[in-house]
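Chains as they are written, first to last, in full-length UniProt numbering: chain A, 1 to 329; chain B, 1 to 329. A short worksheet on the structure shown next.
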DNA sequence: CTGAAAGCGCTTACAG
DNA sequence: CTGAAAGCGCTTACAG
């Protein structure tokens, strides 16, 4: 015996497919008799009927699926909570939210979303133009560059605010000459340059000299060299805002080997609030993001794009970032 | 103008839908004239025809989609490479691989995969029984507990081997009294207990005393207390195998505050080879997993389950784990 | 209050 | 070598 269809339910209950559909979709305005209604529900349950999403999608022309396309971002850990929340809030609205991971535009992505026929595609990076075109042609809405600064309204998250908040905190602690640890990695381009820009602006706004920027890689040598540049040159800095916690922790380790005391000789602030941040000694001051709020905000944007319903209500950016002060500042 | 269908292509090319389908699916055994073939391809291309996955799925009874269900695992970062590889190798076989993230079994998952109608469901955790039942009823194959030790053949990854490898390395460095840092967190239950078991067995096989196990949490206090237990009690240990790098790094920090020199007073080995592991001072010895190999291995398992084709060729577990020796052992 | 019928886009036996 | 027709499972205007 194959899968149970709505026709099976109809036959078994002695009604028409139409009635089954009406009952199961709650189209009660059609005025189904209470008894018929009960009978259908009972029968469907007894037969273990599960409606075919494909059948429905075929008829409706589009699946109830939100497809998120994730490029090779180095933020996996932080996104986990985000994914859970986005999935849950979209599920409430009757949509499934699934993720497609890809590195290089290898096989055209079209090959993939063809199989899904999503109601919308949410691209966390940017899609190859050919894919964007195909989507448009198929009439599937595309939400692109979710993480980009210019789209901060969608998520309520503006990367520039992150850098700004770091600098403001350091300034409040009395620091005037501030270093910025940038990461020289194209994968981070949606994040690092905007944060640096925010830090630069904050310095300007506060009347501080421009931050002393050093490009690092993830290596001890690179971190050591950076520490030397910040502390030994002319105009040494007294505090460093790091692009993220990982970089900050590498810098922290380098300070130890160079006998530079944190935070007395050099203050340090990261971003992300990684689990390891609170375990370091001294524990790392950092900036945490409330990804739950971001996900909820994105949900409203997505739904409004699908339904052309009410426009999304933008989240309050201020509420999303939190300074987590520990022992390095 | 709405989406371009195969009927549009047929009309425009002056052939039948049948011919269009044959050409586009490479059913050349039907002997399509070369000229007709060329014409169809050219027309499809000109109109920007993209076949509807839903139409095909409807006809075939199942979508060309592999749905991976991911519970709230704390291994996100490590899975990233895995996802990319799995996605790429399944794409080669003509399947799209998408991920569904969920925390608690909130909404029945059925609600979701209904929308997708996948060819197979791959559950990284275990599914609620009701969902498993519904899947079976719908005739959708389910691959459950991919990460569980008893299914090591699917992925080629046996968590027990991880603990064993740690102990073997420490023993080779001359250590006889070994501690094990376990993590007291249900989210880690697919990983931590098996690794500990492997460590225990390795100790037995090597004629060493059983490992001195301490349950930790992710906190400095917890790590400090553990270090004290290992180093101050009767029968102090000379080396610790930590469940993962994060725990190992917390222990490393605690050693520093307690003036315990690593590796001379206490050797330390982690698991995961996190980016931060090589940035710590001293850099952490750890065990890396080749997730690419695991993903390839899983692909063959998945495809064999879909096609009932040739059984999967299991990967060689030995090839997947690599000892990364650095400065803590 | 309920049902017969059409149609979403595709593939494939079958007929020519 | 090519096409007309059926049917996958659903929803919904329309008819009664």
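Even for Gly, the Cβ is constructed at its ideal location relative to N, Cα and C.
Given a cut-off of 8 Å on the beta-carbon distance, is the pair residue 87/B and residue 101/A in contact? yes
List, in chain order, every chain B residue whose beta-carbon is nearer than 7 Å to that of residue 256/A. 281
Burial state of residue 66/B (16 or more Cβ within 10 Å): buried
DSSP three-state label for residue 100/B, please. strand
On the three-pair Cβ rule with 8 Å, is the stretch 236–250 of chain A touching the stretch 191–203 of chain B? no
DSSP-derived helix/strand/coil call for residue 243/B: coil
Give me, in chain order, the residues of the same chain whose beta-carbon lies closer than 6 Å to that of residue 37/B; leave out the 5 immediate sequence neighbours on both sides. 23
Against residue 58/B, what residues of chain A qualify as contacts under a CB-to-CB distance less than 9 Å, listed in chain order? 52, 54, 55, 57, 58
Output the boundary residues of the beta strand (DSSP E) element that contains residue 389/B. Lying outside 1 to 329, the shown extent of chain B, residue 389/B is not represented and no answer is given.
Looking only at its own chain, which residues have a Cβ that is under 6 Å from the Cβ of residue 208/B, when we skip the five neighbours before and after it? 176
Decide yes or no for the touch test of the stretch 126–140 of chain B against the stretch 162–181 of chain B: beta carbon pairs closer than 8 Å, at least 3 of them. no
Could you tell me which residues DSSP puts in a beta bridge with residue 40/B? Answer is none; residue 40/B lacks a bridge partner.
Cβ distance (whole Å) where residue 69/A is taken to contact residue 121/A below 8 Å: 6 Å
Who does residue 60/A pair with in a DSSP beta bridge? In the DSSP secondary-structure assignment, residue 60/A is not bridged to any residue.
Residue 232/B to residue 258/B, Cα distance in whole Å? Each residue's alpha carbon lies about 11 Å from the other.
Between the stretch 84–113 of chain A and chain B, which residues of the former have CB atoms less than 7 Å from a CB of the latter, in chain order? 84, 87, 88, 91, 96, 98, 99, 100, 101, 102, 103, 106, 107, 110, 111, 112
Among 205/A, 188/A, 133/A, which one has its Cα closest to the Cα of residue 243/A? 188/A
Does residue 302/A come out as helix, strand or coil in the three-state DSSP assignment? helix
Where residue 327/A sits in the DSSP three-state scheme: coil
Could you tell me which chain B residues have their CB closer than 7 Å to the CB of residue 198/A, listed as they occur along the chain? What residue 198/A touches in chain B: nothing, since even the nearest Cβ is about 24 Å away.
Kindly indicate if chain A contains any beta-carbon less than 8 Å away from that of residue 169/B. Under the Cβ criterion of 8 Å, residue 169/B is not counted among the residues facing chain A.
Is residue 219/A buried or exposed, if buried means 16 or more other CB atoms sit within 10 Å of its CB? exposed
At 3 residues or longer, what runs of the beta strand (DSSP E) sit wholly inside the stretch 230–281 of chain B? The qualifying runs are 239–242, 267–269.
Who are the neighbours of residue 64/A on chain B, taking C-beta pairs under 7 Å? 115
Test: residue 48/B CB closer than 8 Å to a CB of chain A: At a cut-off of 8 Å between beta-carbon atoms, residue 48/B makes contact with chain A.
Which chain A residues are close to residue 193/B, counting only those with a beta carbon under 8 Å from its beta carbon? None at all; the shortest Cβ gap to chain A is about 20 Å.
May I ask you to list, following chain order, the residues of the stretch 244–255 of chain B that have a beta carbon less than 7 Å from some beta carbon of chain A? 246, 249, 250, 253
Alpha-carbon spacing of residue 89/B relative to residue 97/B, whole angstroms: Taking C-alpha positions only, residue 89/B is separated from residue 97/B by approximately 9 Å.
In angstroms with no decimal places, state the Cα-to-Cα distance between residue 7/B and residue 95/A. Approximately 30 Å, taken between the alpha carbons.
Leaving aside the five residues before and after residue 293/B along the sequence, list all residues of the same chain whose C-beta is less than 7 Å from its C-beta, in chain order. 156, 315, 319, 320
So, is the C-beta of residue 263/A closer than 8 Å to a C-beta in chain B? no
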